[in-house]
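In this note's numbering, the protein residues as written are 3 to 453.
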Amino acid sequence: MKKHQFILKAFLLLLFALTVSCQSEEEPVIYKEGSTEYVNSWMYEQMKKYYLWSEDMPDRTNLALDSKEYFKKLLQADDRFSYATDASSPDTFPKSIRSNYGFDIAVVEYEGQVYGMVLFVLSDSPAERNGMKRGQLVKTINGTLLNTQNFERLYLDVAHSDQVKLQLMDYTEESGFSALKEIQLGRGFTFSQPMIHKVVLNNTEKTGYLAIPHFDIGLASPLLQVFQDFKNQSVTKVIIDLRYNGGGDVSSAAALSIILAPDIKPGDLFIKFKGNKNGGAVNQSFKEALEMNETAVHYDALRAAHPAIQEVYVLCGSHTASASEIIINNLKPYMKVITIGEKTTGKDVAGFAIEDNRISGQQGWTLYPVIYKLSNASNEGNYSMGITPSVVLNEIGNLEIFPLGDTREILMNRALNGVSAAKENSFSPVKVIPLKTIPHDVDHFLEVNFK
């Protein structure tokens, strides 16, 4: 009898264990196709797999939340760059004054009056087509006079609008303020931007100046042409202006680096990508980084255009980000990089797009998460707070600012005449008022294409 009781007890214990085991292995929940839960559960799975800080992510939380808000709740508190877009919701796409209208501004105060100072105007943009140019002063936006209390709100209103009315004027120290003129801009597309390049004769020294507005895919060929010209003119100094370059393609940044760096080989390490436990680590040489997105121009052709330099001057500022910061950081192990201007944005991360294509014929959400942290061949990185320049200098020293590449322009003049030659202005009549929001068109996403 006792033997039967023992067998029965053992059987019941085994049955209980199996029952608990089966209950603990929950079957995956299947959500209705296209529902909010369907989207959010996919978001969570992708982020858990790829996101750089996946171990710090919260639990799935409330899958019924609006997808835009749900994605935000998955992000690390200080993550400024991950975002997600829905093709059917235009409000999910990043917006800025530059992307809408084609110009960048700084907010300044002069003699008690607040102005929007135009810093950069994109070629063939709505702004340029309406006569806007660097150095102009915006006095009113949609009829409202700028002041210290409303400039932040007015900036954001413009960034999210489809049209804007501006009153602006010119200013020179010689002539003072011009009469006000009013223009109306409609939001429009602006395509690839031309580089600005010239050779400047400063005393007996020939300097090649190059301003790059964006590292577009395929930039290697135009870069090659510019530097072949520099080499033919025997330049002995190079100034790269990246003040208004918010980033772009790693391959194009690699192409510029291959041209600039002295004494490098194709296999020399250019960039390191470090991800989470799933992403691992990827190290790329100059040649490998170039070939991620570039097929028309080869490494040897770029090296043949190398000018006779051992150092490079880079003009930078708060608009300098992403691929532009790679130029500064990743050339340092191979040459002296002298930066002049203000602290950069601090985008030391990269990733790739993750698309929800589960429903045939329908474009769903696309995630642009931070996946990799970046560093150079010497393991130097961690510039998320920005790169402090060798020479800290504000380009807005006076109310009159000059065109990019003009030898009178503050940063250009300092680079031409040596980092210790010019004297700092101990007092400036112009006060630059910082914006709390990101006031410039930083590439939110530095995309990599590992093959």
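Each residue gets a CB set at the ideal place from its N, CA and C atoms; glycine is no exception.
Between the Cα of residue i and the Cα atoms of the options, which residue gives the shortest distance?
i    : options                   : result
D218 : L170, A325, E207 and G118 : A325
N278 : D270, K375 and V240       : K375
T341 : L170, P391 and M294       : P391
G348 : L147, L448 and D58        : L448
V240 : N332, M45 and E207        : E207
G319 : P96, S362 and L413        : L413
Q151 : V450, M134 and V116       : V116
Q138 : R155, D172, D164 and P30  : D172
T174 : P371, I330 and P405       : P405
D164 : W44, E57 and S98          : S98
D58  : A79, G145, N415 and L395  : A79
T346 : N359, S56, L395 and L182  : L395
Just the Cα atoms here: how many angstroms apart are residue i and residue j?
i    : j    : result
V393 : Y315 : 11 Å
E176 : E397 : 19 Å
V166 : A257 : 38 Å
K50  : N64  : 16 Å
E111 : F153 : 11 Å
A303 : N204 : 29 Å
K334 : P196 : 27 Å
P92  : H162 : 11 Å
V432 : V109 : 10 Å
K438 : Q230 : 42 Å
G114 : E402 : 17 Å
A355 : F83  : 13 Å
K34  : D68  : 16 Å
R100 : G118 : 14 Å
I107 : S430 : 19 Å
L143 : L168 : Reading off the sequence shown, one finds Ile at residue 143, where the question assumed Leu. About 5 Å.
E296 : G388 : 28 Å
A379 : A310 : 23 Å
G343 : A417 : 10 Å
Y157 : D270 : 44 Å
K75  : P60  : 8 Å
N149 : A323 : 29 Å
P96  : D81  : 15 Å
G250 : I32  : 38 Å
G363 : G36  : 13 Å
I330 : P371 : 24 Å
R305 : S377 : 23 Å
W44  : I361 : 12 Å
Given a cut-off of 8 Å, decide if residue j and residue i are closer than it, judged by their beta-carbon atoms.
i    : j    : result
A307 : I261 : yes
T38  : K70  : no
V120 : R136 : yes
F288 : F272 : yes
V140 : L170 : yes
H321 : G248 : yes
R245 : L147 : no
V252 : I185 : no
L226 : S254 : no
L187 : Y52  : no
N332 : S259 : yes
S223 : A298 : yes
I266 : Y336 : yes
V460 : F232 : Nothing about residue 460 can be reported from this structure: the residues present for the chain run from 3 to 453 only.
F105 : M134 : yes
R62  : Y46  : yes
Just to check my reading of the structure: residue i and residue j have Cβ atoms closer than 8 Å, yes? What is that Cβ distance to the nearest angstrom?
i    : j    : result
M351 : L54  : As written in the sequence, residue 351 is Val, which differs from the Met given in the question. Between L54 and V351 the Cβ distance is about 7 Å, and since that is below 8 Å, they are a contact.
G399 : I373 : Wrong, their Cβ atoms sit about 40 Å apart, outside the cutoff.
Y301 : P268 : 5 Å
G450 : M294 : Per the sequence shown, the amino acid found at residue 450 is Val instead of Gly. Right, their Cβ atoms sit about 7 Å apart.
E313 : K338 : 4 Å
Please indicate yes or no: does the CB of residue i lie closer than 7 Å to some heavy atom of the ligand PLP?
i    : result
D126 : As far as ligands go, the structure on display features none, and thus does not contain the ligand PLP.
Could you tell me whether any Cβ in chain D is nearer than 8 Å to the Cβ of residue i?
i    : result
G249 : In the structure shown, chain D does not exist; there is a single protein chain.
Practice prompt. Count the C-beta pairs between the region 274-283 and the region 203-213 that are closer than 8 Å, then say yes if the count reaches three, no if not.
Written response: Counting C-beta pairs closer than 8 Å gives fewer than three between the region 274-283 and the region 203-213, which falls short of the contact rule.
Worksheet item: Given 8 Å as the limit, is there contact between the region 120-134 and the region 177-193, that is, 3 or more CB pairs closer than that?
Response: Result yes; three or more Cβ-Cβ pairs closer than 8 Å.
Fill in: At least 3 beta-carbon pairs within less than 8 Å: the region 406-414 vs the region 375-389
Counting Cβ pairs under 8 Å, fewer than three are found: no touch.
Item to complete: Determine, using beta-carbon pairs with one atom in the region 358-374 and one in the region 73-90, whether at least three such pairs fall under 8 Å.
Response: Contact between the region 358-374 and the region 73-90 is present: three or more C-beta pairs spanning the two stretches fall below 8 Å.
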